[in-house]
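2 protein chains.
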Amino acid sequence: MRATTIHGPYDVRLSEVPDPKIDGPTDAVVRVVASCICGSDLWPYRGENKITPGSRIGHEFVGIVEAVGADVRTVKPGDFVICPFVVSDGTCPHCLAGYQSACQNLVGLGSSRADGGQGEYVKLPYADGTLVATPELPDDSLVPSLLTLSDVMGTGWHAARAARVKQGDTVVVVGDGAVGLCGVLAASRMGAARVVAMSRHEPRQKLALEFGATDIISERGDAGRDAVLELTGGVGADAVLECVGTGQAMTTAFDVARAGATVGFVGVPHGVDVPIRTMFSRNVALAGGMAPTRAYIPELMADVLAGEINPGLVFDSQLPLAEVAEGYKAMHERRAIKVLLRP
Amino acid sequence: MRATTIHGPYDVRLSEVPDPKIDGPTDAVVRVVASCICGSDLWPYRGENKITPGSRIGHEFVGIVEAVGADVRTVKPGDFVICPFVVSDGTCPHCLAGYQSACQNLVGLGSSRADGGQGEYVKLPYADGTLVATPELPDDSLVPSLLTLSDVMGTGWHAARAARVKQGDTVVVVGDGAVGLCGVLAASRMGAARVVAMSRHEPRQKLALEFGATDIISERGDAGRDAVLELTGGVGADAVLECVGTGQAMTTAFDVARAGATVGFVGVPHGVDVPIRTMFSRNVALAGGMAPTRAYIPELMADVLAGEINPGLVFDSQLPLAEVAEGYKAMHERRAIKVLLRP
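Residue numbers (the UniProt record's numbering), protein chains in the order written: chain A, 1 to 343; chain B, 1 to 343.
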């Protein structure tokens with residue numbers, strides 16, 4: 001079969017790799033219907049994370065179950081399944097508490113124990129603890145939205161949950177990548193009265209508005225903070241979603257949070273110093289982390305299937321898997337928000 | 001009148017100062033019935049915080065209202081009142097949201113606008129936004145417990161609230177000062193099934209057990225962490241109260257928190273680096289800060305008056321105000337957990 005491999009900075013290829021097969025009783029092999037490229041895939045792509053040349057990449061996909069091991073109970077061949085961006089056993093104390101991304105037996109996709117998502121097939125362990133099947137085969141038009149539940153929509157949802165967004169809140173979303181945009185959708189879906197998207201890219205602003213943003217702030221840094229404070233009568237936001245992971249984004253997030261607010265963060269932290277004295281003096285909390293998207297798939301899947309949310313709009317580019325290298329290039333150059341790949 | 005003043009490291013004195021009087025319509029003058037020395041008073045005492053020689057000190061007291069300004073509505077001369085450790089206007093958006101310690105017009109006790117608590121009288125602005133009167137004059141035996149609502153009991157309560165302690169939880173309390181001990185009491189009162197006090201001082205261990213601790217861990221650092229993990233089957237605590245404010249205490253707090261837990265912190269941070277990568281990978285949140293004790297006084301006062309809680313046990317020393325210097329010395333040398341002063 002063919003799967004995406006990474007060989008060095010700016011060098012991803014579609015390569016011939018061995019066909020997957022069931023090895024253990026909890027394994028599943030899934031035929032990929034759609035996968036996509038994540039903002040976090042760009043870290044190794046840009047050479048900012050260490051890689052092993054030739055290793056698999058990609059951690060978001062949906063597909064049809066091809067085969068399962070003897071002990072698998074909740075999915076069967078022919079099922080359409082959504083796969084969270086990490087594999088979890090579903091039985092350890094952290095999984096049982098709904099924090100599957102901290103599973104005691106966590107397995108990464110694209111590791112030695114599970115294939116990467118950007119390929120024709122994916123074999124993974126712990127099928128029951130990981131995959132979620134739709135009640136029936138979904139219409140193809142729903143595939144993009146279901147695919148976002150693998151990562152970006154679940155991650156945006158997690159940011160809003162971590163920030164404790166509630167009915168009537170004023171929410172600020174820092175970051176206009178796919179996760180930030182899904183954060184706007186999540187905050188809106190949770191009943192926020194005002195959702196302020198900080199974005200300076202016109203197509204992303206437009207999508208933010210479509211996802212329920214009530215205000216757009218295109219300024220950054222101190223000017224961005226001042227704009228939020230002006231919007232909120234000098235008080236600040238009830239909840240802030242930090243969907244970038246940089247020091248500047250975190251600073252802005254704390255700057256616009258009102259006393260007693262929570263900053264929900266989901267961007268992988270790179271060079272972030274947490275302003276502990278500000279947290280102390282203003283009682284601003286910091287919560288979040290690697291999203292347990294597995295926990296949110298059932299609820300969000302129901303919303304997608306009912307047509308209540310359409311997070312698949314974050315895909316502004318669709319390519320055949322054979323053009324995966326162009327997909328990375330387009331996202332790296334910010335020509336695309338998020339690229340969907342069809343094998 | 002006489003009030004405590006600080007003149008330099010290890011130099012506090014009881015000095016003659018001008019009598020207070022009502023200047024503004026929201027002022028109150030309170031005759032102090034009891035005050036006390038706070039762990040945070042030791043920072044300037046030890047010369048670790050900058051001071052103005054001769055300035056007033058002390059921010060915890062209870063007393064009888066002597067006089068009020070024309071606009072004061074909720075307290076009247078003769079009332080017994082509890083004063084939170086900061087003065088808040090009670091009307092700004094942060095006060096209305098229950099974060100009085102972030103009041104837009106915050107006034108510190110012992111500042112140019114409000115007297116310090118360790119004196120015979122205290123004049124302060126914003127009487128309605130700050131003071132809480134008991135329904136009737138309390139029995140003198142309840143004075144120590146009511147005094148703790150000024151700061152330490154409210155602060156321990158805040159740590160537990162921030163850490164989201166709930167019925168049945170396993171809670172670890174880092175720090176065995178008066179605040180940590182009150183944190184033990186708070187977690188127990190909130191229904192925690194297991195309250196683990198990290199303490200290596202025998203009298204404090206004893207008080208922790210009296211306050212509801214189910215387990216005592218006397219080890220610190222890695223050994224302390226290992227002991228908690230052993231107690232919790234390798235999983236960690238559902239909630240952690242960080243009641244010290246040092247880097248080591250914060251490290252221990254994160255080390256013993258399970259995935260999805262919250263570290264509630266109330267110690268003024270000194271040299272704390274927040275482990276953002278750990279927070280991310282394990283979804284451990286950090287919440288808390290300067291406690292809005294004003295918000296908790298009504299509920300905790302009812303508990304004290306009903307005999308449900310007895311936080312006044314944290315006072316293991318009582319001195320006349322004239323011996324305030326000895327009180328500081330005893331706390332600095334850790335001969336006393338907390339010193340109560342009677343004018």
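Here a beta-carbon is modelled for each residue, glycine too, at the ideal position from N, C-alpha and C.
Find out if the Cβ-Cβ distance for the pair residue 132 of chain B, residue 171 of chain B is shorter than 8 Å.
-> no
State the Cα-Cα distance for the pair residue 243 of chain A and residue 42 of chain A, rounded to the nearest angstrom.
-> 15 Å
Can you pull the chain A residues whose beta carbon is under 7 Å from the beta carbon of residue 93 of chain B, in chain order?
-> The answer, in chain order, is 235.
Nearest CA to the CA of residue 225 of chain B: which residue from B:251, B:326, B:201 and B:87?
-> B:251
Around the Cβ of residue 101 of chain A, are there at least 16 other Cβ atoms within 10 angstroms (buried) or fewer (exposed)?
-> buried
For residue 283 of chain B and chain A, any beta-carbon pair shorter than 8 Å?
-> By this cut-off, residue 283 of chain B is an interface position.
Along the alpha helix (DSSP H) that carries residue 296 of chain A, what are the first and last residues, could you check?
-> 293-305 is the extent of the alpha helix (DSSP H) around residue 296 of chain A.
Residue closest to residue 320 of chain B, alpha-carbon to alpha-carbon, out of B:184, B:24, B:10 and B:34 = B:34
List the residues of chain B that residue 280 of chain A touches, going by C-beta distances under 8 Å, in chain order.
-> Close to residue 280 of chain A, with beta-carbon spacing below 8 Å, are these residues of chain B in chain order: 265, 268, 269, 288, 289 and 290.
Which residues share a DSSP beta bridge with residue 25 of chain A?
-> None, per the DSSP bridge assignment.
Alpha carbon to alpha carbon, how far is residue 193 of chain B from residue 82 of chain A? Give it in angstroms, no decimals.
-> 38 Å
Just confirm the distance between the C-beta atoms of residue 197 of chain B and residue 228 of chain B, as a whole number of angstroms; I'd bet it's less than 8 Å.
-> The Cβ separation is near 11 Å, so there is no contact.
Please determine, among B:246, B:245 and B:217, the residue with the shortest C-alpha to C-alpha distance to residue 232 of chain B.
-> B:217
Leaving aside the five residues before and after residue 145 of chain B along the sequence, list all residues of the same chain whose C-beta is less than 6 Å from its C-beta, in chain order.
-> 304, 310, 311 and 312
Which residue comes first and which comes last in the alpha helix (DSSP H) that contains residue 230 of chain A?
-> 221-231
Name the two residues that bound the continuous beta strand (DSSP E) containing residue 131 of chain B.
-> If you look at residue 131 of chain B, you'll find it isn't in any beta strand (DSSP E); DSSP assigns it neither H nor E.
Would you list the one or two residues that DSSP bridges to residue 11 of chain B?
-> Under DSSP, residue 11 of chain B forms a beta bridge with B:8.
Identify the continuous alpha helix (DSSP H) that holds residue 252 of chain B and give its terminal residues.
-> 247-255
Who are the neighbours of residue 295 of chain B on chain A, taking C-beta pairs under 7 Å?
-> Neighbours of residue 295 of chain B on chain A: none; closest Cβ ~10 Å, over 7 Å.
Find the residues of chain A that neighbour residue 276 of chain B, judging by a C-beta separation of less than 7 Å, and give them in chain order.
-> 269, 272 and 274
Taking the alpha helix (DSSP H) that residue 83 of chain B falls in, what are its first and last residues?
-> Counting along the chain, residue 83 of chain B falls outside any alpha helix (DSSP H), though it belongs to the beta strand (DSSP E) covering 80-83.
Given that a residue counts as buried once 16 or more other Cβ atoms are within 10 Å of its Cβ, and exposed if not, what is residue 270 of chain A?
-> exposed
Between the stretch 218-243 of chain A and chain B, which residues of the former have a C-beta closer than 7 Å to a C-beta of the latter?
-> Cβ contacts with chain B: 235.
Tell me whether the beta-carbon of residue 91 of chain A lies closer than 8 Å to the beta-carbon of residue 324 of chain A.
-> no
Give a single yes or no on whether residue 79 of chain B has its beta carbon closer than 7 Å to a heavy atom of the ligand MN.
-> This structure simply doesn't include the ligand MN, nor any ligand for that matter.
Excluding the 5 residues preceding and the 5 following residue 53 of chain B in the sequence, name in chain order all residues of the same chain whose CB lies nearer than 7 Å to its CB.
-> 7 and 8
Do you know how far the Cα of residue 281 of chain B is from the Cα of residue 154 of chain A?
-> 16 Å
Where residue 2 of chain B and residue 317 of chain B are concerned, what is the direct C-alpha to C-alpha distance, given to the nearest angstrom?
-> 21 Å
Residue 331 of chain B, enclosing alpha helix (DSSP H) - first and last residue = 324-332
Contained beta strand (DSSP E) runs [length at least 3] in the stretch 97-155 of chain B, N- to C-terminal order | 121-124
Report the rounded CA-to-CA distance for residue 65 of chain A versus residue 124 of chain A, giving the unit in angstroms.
-> Going from the Cα of residue 65 of chain A to the Cα of residue 124 of chain A covers about 11 Å.
When DSSP labels each residue in this structure, what does residue 35 of chain B get in the three-state scheme?
-> DSSP places residue 35 of chain B in strand when its eight states are reduced to three.
Work out the CA separation of residue 189 of chain A and residue 136 of chain A for me, nearest whole Å.
-> Rounded to whole angstroms, residue 136 of chain A to residue 189 of chain A spans 25 Å at the Cα level.
Is it the case that the Cβ atoms of residue 240 of chain B and residue 274 of chain B are separated by a distance below 8 Å?
-> no
Closer than 8 Å by beta-carbon distance: list the chain A residues that pair up with residue 126 of chain B, in chain order.
-> Under the 8 Å cutoff, chain A gives no residues; its nearest Cβ is about 17 Å from residue 126 of chain B.
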